[in-house]
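Below is one structure, written out as structure tokens, with a few remarks after it.
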Amino acid sequence: AMAGLINTNFPSDYLYVVEGGVPETTEMLKLPYDKIFFTGSPRVGRIVYEAAAKNLTPVTLELGGKSPAVVTASADLETAAKRIVWGKFLNGGQTCVAPDYLLVEEPVKVRLMELLKQKLDAFNYEDGAEHYVSIINKRNFDRIVRWIDASKVYYGGAYNENTLYIQPTLLDSITWEDPVMQEEIFGPLLPVLSFTDFNGILCEIIKREKPLAAYLFTKNKEQKNKFLKTVSFGGGCINDTVMHLTGDSLPFGGVGNSGMGSYHGEFGFLAFSHQKAILEKSNWGETNFKYPPYSKEKLKWIKRFM
23 AMAGLINTNF PSDYLYVVEG GVPETTEMLK LPYDKIFFTG SPRVGRIVYE AAAKNLTPVT
83 LELGGKSPAV VTASADLETA AKRIVWGKFL NGGQTCVAPD YLLVEEPVKV RLMELLKQKL
143 DAFNYEDGAE HYVSIINKRN FDRIVRWIDA SKVYYGGAYN ENTLYIQPTL LDSITWEDPV
203 MQEEIFGPLL PVLSFTDFNG ILCEIIKREK PLAAYLFTKN KEQKNKFLKT VSFGGGCIND
263 TVMHLTGDSL PFGGVGNSGM GSYHGEFGFL AFSHQKAILE KSNWGETNFK YPPYSKEKLK
323 WIKRFM
């Protein structure tokens, strides 16, 4: 769509969209750009960053990672379930800020799982539904399907190779060592883990790579402050998911393994701008304070002005 719009309406020597994949991108990265903006996986982000470094080209990298959603016992479970299901399965789970996995405080886990199931039934994510999409290609379909362990499926688990459909799936009895917990899912699987100690689960999160997004559902102000001060992540929400992207007054970007730099609104303009600092002076009224020879008397006057 971009190629059709741009390449038919602009002179090609002014603005042109080049379609392609790895070979085209590899050649483009050899050129000395003023700026490179890349959104994609951390793996490819490293390749882009390395190529840009050869020309000292500045970069903005919006990558991704495993973004956690934490639900505590004090949360409004009905609202949390609705917002988690919407944020996770939006675009078939193929958004970089989707909740990648769910951490639920043990006393409310059974109830939350029931509510998640209810919301999934109500939202009707069936194969062919107009408001639900398939996986982008066969390669990613196969990548996601291999994580569906039938013995751990709480809800869903169905898929259709012909339509590249994967049913929204809740995975229970998950551990940190399970294959589905080793890389960003970017698809409609939601692993669920439980915890009993809030401080302990924050320690588990910060042991891992810094995520692009993080979400906390709680009514406890102390837990909210602890979460925000302890966990390093690109951006996120308290008592919601994904919606922090909608405010153009907020910067959007990652940190550490999830990227560098930010954009959206004014921050997008600044990401592609160099703020050139200029001082222009008149040719009269020059003092001698800054010129040698120096003296204690001159230093005294300079200190007064400063």
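Counting in my numbering, the sequence shown runs without a single skipped number right up to 328 at its last residue. Each residue gets a CB set at the ideal place from its N, CA and C atoms; glycine is no exception.
Whole-number beta carbon distance between residue j and residue i, since they are thought to touch under 8 angstroms
i      : j      : result
Ala97  : Lys248 : Going by Cβ atoms, the distance from Ala97 to Lys248 rounds to 15 angstroms, so no, they are not a contact pair.
Pro213 : Leu124 : 7 angstroms
Leu134 : Pro190 : Not a contact, Cβ separation roughly 15 angstroms.
Leu272 : Gly257 : 7 angstroms
Gly114 : Tyr154 : 7 angstroms
Arg105 : Asp262 : 5 angstroms
Leu192 : Tyr181 : About 14 angstroms; that fails the 8 angstroms criterion.
Leu51  : Ala73  : 4 angstroms
Leu137 : Ala95  : No, Leu137 and Ala95 are not in contact; Cβ-Cβ is about 14 angstroms, not under 8 angstroms.
Val70  : Ile58  : 6 angstroms
Pro90  : Ala299 : In fact, because the Cβ distance is near 40 angstroms, the residues do not count as touching under 8 angstroms.
Segment limits, beta strand (DSSP E) that includes residue i
i      : result
Leu238 : Ala235 to Phe239
Val81  : Val81 to Glu84
Phe289 : Not the beta strand (DSSP E): Phe289 falls in the alpha helix (DSSP H), residues Glu288 to Ala293.
Phe274 : Run containing Phe274: none; DSSP gives neither H nor E here.
Thr61  : Ile58 to Thr61
Pick from the options that is closest to residue i, judged by C-alpha positions
i      : options                           : result
Leu37  : Gly43, Val44 and Leu27            : Leu27
Val9   : Leu186, Glu128, Pro121 and Lys232 : Any question about residue 9 goes unanswered here, given that the chain covers just 23 to 328.
Glu226 : Ser295, Val92, Thr48 and Met50    : Val92
Leu215 : Thr61, Ser156 and Asp122          : Asp122
Glu10  : His296, Phe239 and Cys118         : The structure shown has nothing for residue 10, since the chain only spans 23 to 328.
Val39  : Pro45, Ala25 and Ala180           : Ala25
Val81  : Ile324, Ser295 and Glu46          : Ser295
Ile157 : Leu211, Met203 and Trp198         : Leu211
Lys229 : Thr61, Ser254, Val44 and Lys246   : Ser254
Gly287 : Asn279, His266 and Ser280         : His266
Asp56  : Leu78, Gly67, Glu46 and Arg65     : Leu78
Phe163 : Gly179, Thr30, Leu186 and Val107  : Leu186
Pro345 : Arg168, Ala75 and Met328          : Absent from the model: residue 345. The displayed extent of the chain is 23 to 328, so no value can be given.
Val167 : Ala236, Ile188 and Gly62          : Ile188
Gln140 : Lys246, Gly150 and Trp108         : Trp108
Asp149 : Asn184, Lys160 and Ser173         : Asn184
Asn221 : Thr252, Lys243 and Arg165         : Thr252
Gly269 : Gly281, Gly290, Thr30 and Ser280  : Gly290
Leu112 : Gly87, Glu152, Leu83 and Pro129   : Glu152
Lys174 : Glu308, Glu49, Asn159 and Ser195  : Ser195
Arg165 : Ile300, Lys312 and Glu205         : Glu205
Leu292 : Glu308, Thr47, Phe274 and Lys303  : Phe274
Secondary structure of residue i, DSSP reduced to three states
i      : result
Thr191 : strand
Leu211 : strand
Val130 : helix
Thr30  : coil
Gly281 : strand
Phe327 : helix
Val93  : strand
Phe311 : coil
Thr330 : Because the chain spans 23 through 328 in this model, residue 330 falls outside it and cannot be assessed.
Tyr36  : coil
Leu267 : helix
Leu78  : coil
Leu124 : strand
Opening and closing residue of the alpha helix (DSSP H) in which residue i lies
i      : result
Thr47  : Val44 to Met50
Gly257 : Element bounds for Gly257: not the alpha helix (DSSP H) but the beta strand (DSSP E), Gly257 to Ile260.
Thr101 : Leu99 to Phe111
Thr252 : Lys243 to Thr252
Ile300 : No alpha helix (DSSP H) holds Ile300; DSSP gives it neither H nor E.
Arg65  : Pro64 to Ala75
Leu224 : Phe220 to Ile228
*Please list the segments of the beta strand (DSSP E) lying wholly inside the region 139 to 205, counting only runs of 3 or more residues, in order along the chain.*
Segments of the beta strand (DSSP E) lying fully in the region 139 to 205: 175 to 177 and 191 to 193.
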